[in-house]
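Step one of this worksheet: look at the structure below.
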Amino acid sequence: MSTILTLDQWDDVARITIEKNNVPDAARRTAVMQAMFQAPSPVWKENMVGTVVWRNAAYKDLAEKMGFPAKGAQLFDVRDLTPGGTPVRLCVKSNKDDISRWFDVTAVQISENVMYYATAADAVVSAIHAQRNFVQTFSKTFAQLSTGLAIFDQTRKLAIFNPALTELTQLNADFLSNHCDISDFFDQLREHQLVPSPVSHVYWRDQIESVIQLAMTGQYSQSWTFPSGVTYRVTGRPHPDGALAFLFEDITAELTVTRRFRTEIDQCHSVLDTVKSALVLFGPNGKLHLCNKAYRDLWKSDPDSSFAEYTLRDALVHWEDDCLPNDVWQNLRERVLSTIDRNSWHATVTKKTLEGLRLSVSPVAGGMTLVAFDQILPFHTSVRAPMEFHHEV
């Protein structure tokens, strides 16, 4: 049986192998060596002292592009790699410029030598850098907001929060910075008495899950009022890749103003209800804004209870049906909707019950018009009451 002598030459390193002539094994070995040498990613072998004793074409090409010598170039710092361990991401910096290349490198023990396999990771590193830059920009943007922001990633860990969140919730910044779980986050809110009402532990867990589910569909928006009188508006919204965002806004001042405004409106209505004149206020578009008790009693109508929007047109139909024919209604329609002729004027109309009414029209601020009806002595007329109206300058 003949033997085969194989001479492998890599730059100034040579290896001689003598073996029996086994054609299938030799062909297989040749195919493997060709595949390794022509692989698109760097592959190399180092001996016990860390010297590169073999490298493929991709390794040589990388060395040339990064400005390293053609022979014996040590491109990768593999001191932290353990054969058989998990891949380690390593950087190769150019000797010619500021270009850097990133690879995920795996080490495999081969007898006394170690084989290294590198996979390009530039795209992954660029994506991570872009994401980090985005997060930094995002954080700076929301750092000045008075609304507390908490964004949880797809694993329900706190990924981003702004300073306003710590101010509103009084939660420790160290606790938030440690990427706390969403359940732990709400538990801390409960301990700080920043939840709507105290509930049992079992029900509290169900409540948290309900909040998360509603936030995932963008349907969570509630006002949380605390014993101290402070009220927060808490809103939950879904974010890309399964993330969740919660917004905490202090609306105590807003609610105080709203309540005060409503109180003033109620007081205004109460005062108007004491006025004997029947009063009704129309906006520049003809929408009825308010009326008093005297108006509702006079015309047996309550516009506030109307399901649809009540307008001047609806009122005119009602007035004309209840009164004797009179041309004053057309003039009234034009005056209320006019943006030019804003003078005060009055006229007289008669209801079908022969009850006389003095109609007064007065412009008010914001393009609104106040219409007042005052009872006068009844007219003894047959069919048609003459129209009388006077201007007041």
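Counting the sequence shown from 1 gives a position; the numbering used here is that position plus 417.
Built from N, CA and C at the ideal position, the CB exists for glycine as well.
Partner residues in the beta bridge of residue 779, as assigned by DSSP, are 787.
Of the candidates 707, 486, 776, 455, the residue whose Cα lies closest to the Cα of residue 726 is 707.
For the pair residue 458 and residue 535, the CB atoms are nearer than the 8 Å cut-off. By the 16-neighbour rule on beta-carbons within 10 angstroms, residue 751 is exposed. Spanning the alpha carbons of residue 539 and residue 623 requires a straight line of approximately 44 Å. CA-CA distance, residue 668 to residue 514, rounds to 55 Å. By the beta-carbon neighbour count (other beta carbons within 10 angstroms, threshold 16), residue 740 is buried. When beta bridges are read from the DSSP output, residue 578 appears opposite 567. Within the model, the alpha-carbon separation for residue 756 versus residue 736 is close to 23 Å. In terms of CA proximity to residue 649, 673 leads the group 673, 635, 655.
DSSP lists 697 as the beta-bridge partner residues of residue 708. Around the beta carbon of residue 533, 16 or more other beta carbons lie within 10 angstroms, which makes this residue buried. Residue pairing by DSSP puts residue 471 in a beta bridge opposite 462. In the three-state DSSP reduction, residue 657 falls in the helix class (H, G or I). Taking C-alpha positions only, residue 604 is separated from residue 574 by approximately 14 Å.
Looking at the backbone, the Cα of residue 554 and that of residue 566 are separated by about 15 Å.
Taking the CA atoms as reference points, residue 635 sits about 15 Å from residue 658. Pairing residue 686 with residue 697, the inter-Cα distance amounts to about 11 Å.
Per DSSP, reduced to three states, the secondary structure at residue 666 is strand. Going by beta carbons, residue 753 and residue 665 fall outside the 8 Å limit. Bridge partners of residue 492 according to DSSP: none are assigned. Under DSSP, the beta-bridge partners assigned to residue 649 are 641, 667. The Cβ atoms of residue 507 and residue 494 sit closer than 8 Å to each other.
In the DSSP assignment, residue 484 forms no beta bridge with any residue.
Nearest in C-alpha terms to residue 463, of all of 776, 504, 528, is 528. By a beta-carbon distance limit of 8 Å, residue 788 does not contact residue 766. Their separation comes to about 11 Å. Between residue 681 and residue 629, the alpha-carbon positions lie close to 39 Å from each other.
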